[in-house]
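Engineer: If you read the sequences in order, they're chains Y and V. Using my numbering, read the first sequence as starting at 5 and increasing by one per residue. Using my numbering, read the second sequence as starting at 154 and increasing by one per residue. Using N, Cα and C, we set each Cβ at its ideal position, and we do this for glycine too. This structure is in structure tokens; I'll ask about it shortly.
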Amino acid sequence: MKQLAIVSGKGGTGKTTIATAISSILNNKVMADCDVEAADLNILLKGKKIKASNFKGKEIAAIEYSECNYCGICEDVCRFDAIKDIKVNPYKCEGCGLCTLKCPLDAIKMKWVETGEIVVLEIENGQLCEAQLSPGADGSGKLVTEVRKMAISIGEEPEWIIIDGPPGIGCPVIASITGVDAVLVVVEPTLSGFEDMQRVIDVIKDIGCKIFVCINKWDINFRVSQNIMSFCESRGIPVAGKIYYDEQVINALKETKGISEFNDSDAYKEIVRMWEYIEKHI
Amino acid sequence: MAKISILSGKGGTGKTFASTNLVRVLPNATYIDCDIEEPNGRIFLNPIIEDISDVYTKVPLIDDNRCERCGICSKVCRFGALINLGREILILDHLCHSCEACYEMCPMNAITMANRKIGEISTGVSRGIDFIEGRLNPGEPSGVPIIKQINILIKSIELSIVDSPPGTSCSVVNTIEDSDLCILVTEPTPFGLHDLKLAVELVKEMDIPMAVIINKSGSDNQIIYNYCMKNDIKVLMEIPYDKKIAELYSRGTLIAEADSTYEKMFVDLAEKILELIENEAAGNSEW
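Shown next, in the form of structure tokens:
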């Protein structure tokens, strides 16, 4: 079993579109949607739900008012301003438990709260695991790790686990790429896209796995595309794919279809070619 | 004082595009980049940076002479950031949340809290527009401390246009906290709508007034309008799907400066926003 994560730094560069196309190529795989703050993969893969479970990913302080004498020590010690007027703000509480340790009456207990839901779906030739973080919750990195654990346990010895990662460079991205065999970085040739790609590559390099780059909408700015190519060359990172801007992709997305359903499109053909390259060089 | 936050749920829908163009036409507004993982506003505004200040979090530092390796610190740490190896206490900085429970509970007073740099805040000016940017160092798990520090600066700023991170998690919550208005940028696709709903849910939960901008607008706008109508949310602007915008964007050029039609669109948007803020301040619950 091999694991490949798709990330981008900047959002909206085509991670999910490409993940869907790769999914259509593979016969025995588990897809893991690790963009738990905005999971979109199933809009295209249209899987059938077979399992769902709540994830309790965080402990927060809960005051037992029958035991409390409103002394306010909890408010004073909290480093996150999470307690005001002897009420816990669940968004601000980080679950450190210092208030429970300092409360002279032992009136505060830690309680596990739900931070999201993990869902397993049956898709063509495999499964899809995804999760949705409860809006405003923290611990998205933990939820990503849970999705990945689920992805490993659910399949019947899948050949591939393909991880559709979140944007950014923070905790959920680190959780999405830790321990994978390779990362595919999808970039659009814009100045923002290029800069964000460099930042995410810095993070991947810390983790130390094989990196591939795919330039999506390769022809929208040739100069930036050239700069991305030179950058990758200087870092020894192969540019595995160059996808031309293709109206068929936009049309497919509008109809919530994968680009694989337009299998004579240039975009799909290039993704197939790119995948052959990745499989060979991973 | 007013704080307007631009967010989206889905990444890459045009938050930075909308906020940088908006701030260009809004008199006396400050642009604030809270997308600390990928701050891109700078590419479009080209500010002259006047000051860079480091942002630190606090992590425990153990005085070996005082420490008796009792391990209480590692027991009270709920984040696994302190490990008692017997001979020494191992500190894992990246797991630390700076709650200071170890510092508070150490019976030997052997722990002090030391600064660890996680990123920086740059301030500057871009042709008359004040500019503030938070930037997280690659490899750091959370930029929330940077956002919190920026929020302190925002308190003394007349009109803040805040460019939010994507998603719906804690960094977004901290960014939009105490906003007078949230502007949600979406695209008329099933993906845009799906993620818009998540963002709306969050903003509602936080009880902040909101309005929507449709980017890459086209023949499928109705899916967004239907949803907004049902939820009583105003659509302030439609930015058309235009190859010219994509080209200028890719080069880091502001459309409001390069094209008078688009400049006018953003001026209209600015007027609508100021009106909404005034109505809100006057307690007119028109939304």
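Alpha carbons only, please: which of C323(V), L175(V), V176(V) and G287(V) is nearest the one belonging to Y95(Y)?
Structural biologist: It is C323(V).
Engineer: The alpha helix (DSSP H) with D200(Y) in it runs from where to where?
Structural biologist: Taken as a continuous stretch (DSSP letters only), the alpha helix (DSSP H) holding D200(Y) covers L195 to I211.
Engineer: Would you say R219(V) lies against chain Y (beta-carbon separation less than 8 Å)?
Structural biologist: No - not a single Cβ of chain Y is within 8 Å of the one on R219(V).
Engineer: Under 8 Å between the Cβ atoms of G120(Y) and A141(Y)?
Structural biologist: Cβ atoms of G120(Y) and A141(Y): closer than 8 Å.
Engineer: Let me confirm a value: R280(V) is counted as buried when at least 16 other C-beta atoms fall within 10 Å, else exposed. Which label applies?
Structural biologist: Answer is exposed; the Cβ neighbour count stays below 16.
Engineer: For I196(V), which residues in chain Y fall below 8 Å Cβ to Cβ?
Structural biologist: Correct list: L195, S196 and E199.
Engineer: List, in order along the chain, the chain V residues whose C-beta lies closer than 9 Å to that of E265(Y)?
Structural biologist: Simply none; closest approach about 15 Å.
Engineer: Contact check, L125(Y) vs K53(Y) under 8 Å by CB: the rounded distance?
Structural biologist: L125(Y) to K53(Y), Cβ: 5 Å. Contact.
Engineer: Using beta carbons (cut-off 8 Å, strictly below), is I178(Y) in contact with chain V?
Structural biologist: At least one chain V Cβ lies under 8 Å of I178(Y).
Engineer: Can you give me, in chain order, the residues of the segment 250-284 of chain Y that have a beta carbon less than 8 Å from any beta carbon in chain V?
Structural biologist: Residues passing the 8 Å Cβ filter: L257, K258 and T260.
Engineer: Taking a cut of 9 Å between CB atoms, which residues from the segment 156-175 of chain Y lie near chain V?
Structural biologist: Cβ contacts with chain V come from P170, P171, G172, I173, G174 and C175.
Engineer: List, from N- to C-terminal side, the beta strand (DSSP E) runs of 3 residues or more that fit wholly inside the segment 45-75 of chain Y.
Structural biologist: With a minimum length of 3 residues, the continuous beta strand (DSSP E) runs that stay inside the segment 45-75 of chain Y are 52-67.
Engineer: Which term fits Y177(V), buried or exposed, when burial requires 16 or more other beta carbons within 10 angstroms of its beta carbon?
Structural biologist: Reading off the sequence shown, one finds Arg at residue 177(V), where the question assumed Tyr. R177(V) comes out buried.
Engineer: Per the contact definition of three or more C-beta pairs closer than 8 Å, is the segment 355-372 of chain V in contact with the segment 67-80 of chain Y?
Structural biologist: No, the segment 67-80 of chain Y does not touch the segment 355-372 of chain V.
Engineer: Is R203(Y) close to chain V, meaning its C-beta is less than 8 Å from at least one C-beta of that chain?
Structural biologist: Taking Cβ atoms only, chain V reaches closer than 8 Å to R203(Y), which makes this a yes.
Engineer: Look at the alpha carbon of W222(Y) and the alpha carbon of A423(V), and state the distance between them as a whole number of angstroms.
Structural biologist: C-alpha separation (whole angstroms): 34 Å.
Engineer: Between the Cα of K156(V) and the Cα atoms of F197(V), D331(V) and C252(V), which residue gives the shortest distance?
Structural biologist: The option with the nearest alpha carbon to K156(V) is D331(V).
Engineer: How many Å lie between E251(Y) and T260(Y) at the Cα?
Structural biologist: Cα to Cα, E251(Y) sits roughly 14 Å from T260(Y).
Engineer: Can you pull the chain Y residues whose beta carbon is under 8 Å from the beta carbon of K163(V), in chain order?
Structural biologist: The contacting residues are G15, G16, A42 and D44.
Engineer: Kindly indicate if chain Y contains any beta-carbon less than 8 Å away from that of N432(V).
Structural biologist: So, not an interface residue.
Engineer: Report the rounded CA-to-CA distance for G61(Y) versus E416(V), giving the unit in angstroms.
Structural biologist: When rounded, the distance between both Cα atoms is 46 Å.
Engineer: Go ahead and pull the three-state DSSP assignment for K308(V).
Structural biologist: Residue state, collapsed to three classes: coil.
Engineer: Between the segment 250-262 of chain V and chain Y, which residues of the former have CB atoms less than 8 Å from a CB of the latter, in chain order?
Structural biologist: Here the close residues are H250, S251, C252, E253, A254, E257 and M258.
Engineer: Which residue's Cα is closest to the Cα of I392(V): N374(V), K425(V) and G164(V)?
Structural biologist: Cα-wise, what sits closest to I392(V) is N374(V).
Engineer: Near A9(Y), which residues of its chain fall below 6 Å by C-beta distance, leaving aside the five closest residues on each side in sequence?
Structural biologist: So the qualifying residues of the chain are I167, G169, S180, I181, V184 and V187.
Engineer: Using the rule of at least 16 other Cβ atoms within 10 Å of the residue's Cβ for burial, across every protein chain shown, is W440(V) buried or exposed?
Structural biologist: Its pLDDT being 47, under 50, W440(V) is placed unreliably by the model, and nothing is read from it.
Engineer: Find the residues of chain Y that neighbour N268(V), judging by a C-beta separation of less than 9 Å, and give them in chain order.
Structural biologist: Per Cβ cutoff of 9 Å: no residues; N268(V) is ~15 Å from chain Y at best.
Engineer: Below 8 Å, how does it come out for the segment 36-43 of chain Y and the segment 267-278 of chain Y: are there three or more Cβ pairs, yes or no?
Structural biologist: The segment 36-43 of chain Y is not in contact with the segment 267-278 of chain Y.
Engineer: Got a sec: which bits of the segment 130-147 of chain Y sit with their beta carbon under 9 Å from any beta carbon on chain V, in order along the chain?
Structural biologist: Within the segment 130-147 of chain Y, the residues whose Cβ lies closer than 9 Å to some Cβ of chain V are Q136, L137, S138, P139, G140, A141, D142, G143, S144 and G145, listed in chain order.
Engineer: Could you tell me the alpha carbon to alpha carbon distance between G240(Y) and V191(Y), rounded to whole angstroms?
Structural biologist: The straight-line gap from Cα to Cα measures roughly 17 Å.
Engineer: Pairing CB atoms from the segment 89-103 of chain Y with CB atoms from the segment 228-235 of chain V, are three or more of them under 8 Å?
Structural biologist: Counting Cβ pairs under 8 Å, three or more are found: they touch.
Engineer: Are three or more beta carbon pairs between the segment 187-195 of chain V and the segment 305-318 of chain V nearer than 8 Å?
Structural biologist: In short, these stretches touch, since the Cβ pair count reaches three.
Engineer: How many Å lie between I122(Y) and P291(V) at the Cα?
Structural biologist: Roughly 28 Å between the two C-alpha positions.
Engineer: Could you check whether the Cβ of E439(V) sits closer than 8 Å to any Cβ belonging to chain Y?
Structural biologist: Residue confidence is low: E439(V) scores 48 on pLDDT, short of 50, so the model does not pin down where it sits. No coordinate-derived value is stated.
Engineer: From the beta carbon of G292(V), is the nearest beta carbon of chain Y less than 8 Å away?
Structural biologist: Yes, its Cβ sits closer than 8 Å to a Cβ of chain Y.
Engineer: Who pairs with L334(V) in a beta bridge, going by DSSP?
Structural biologist: Partner(s): I157(V).
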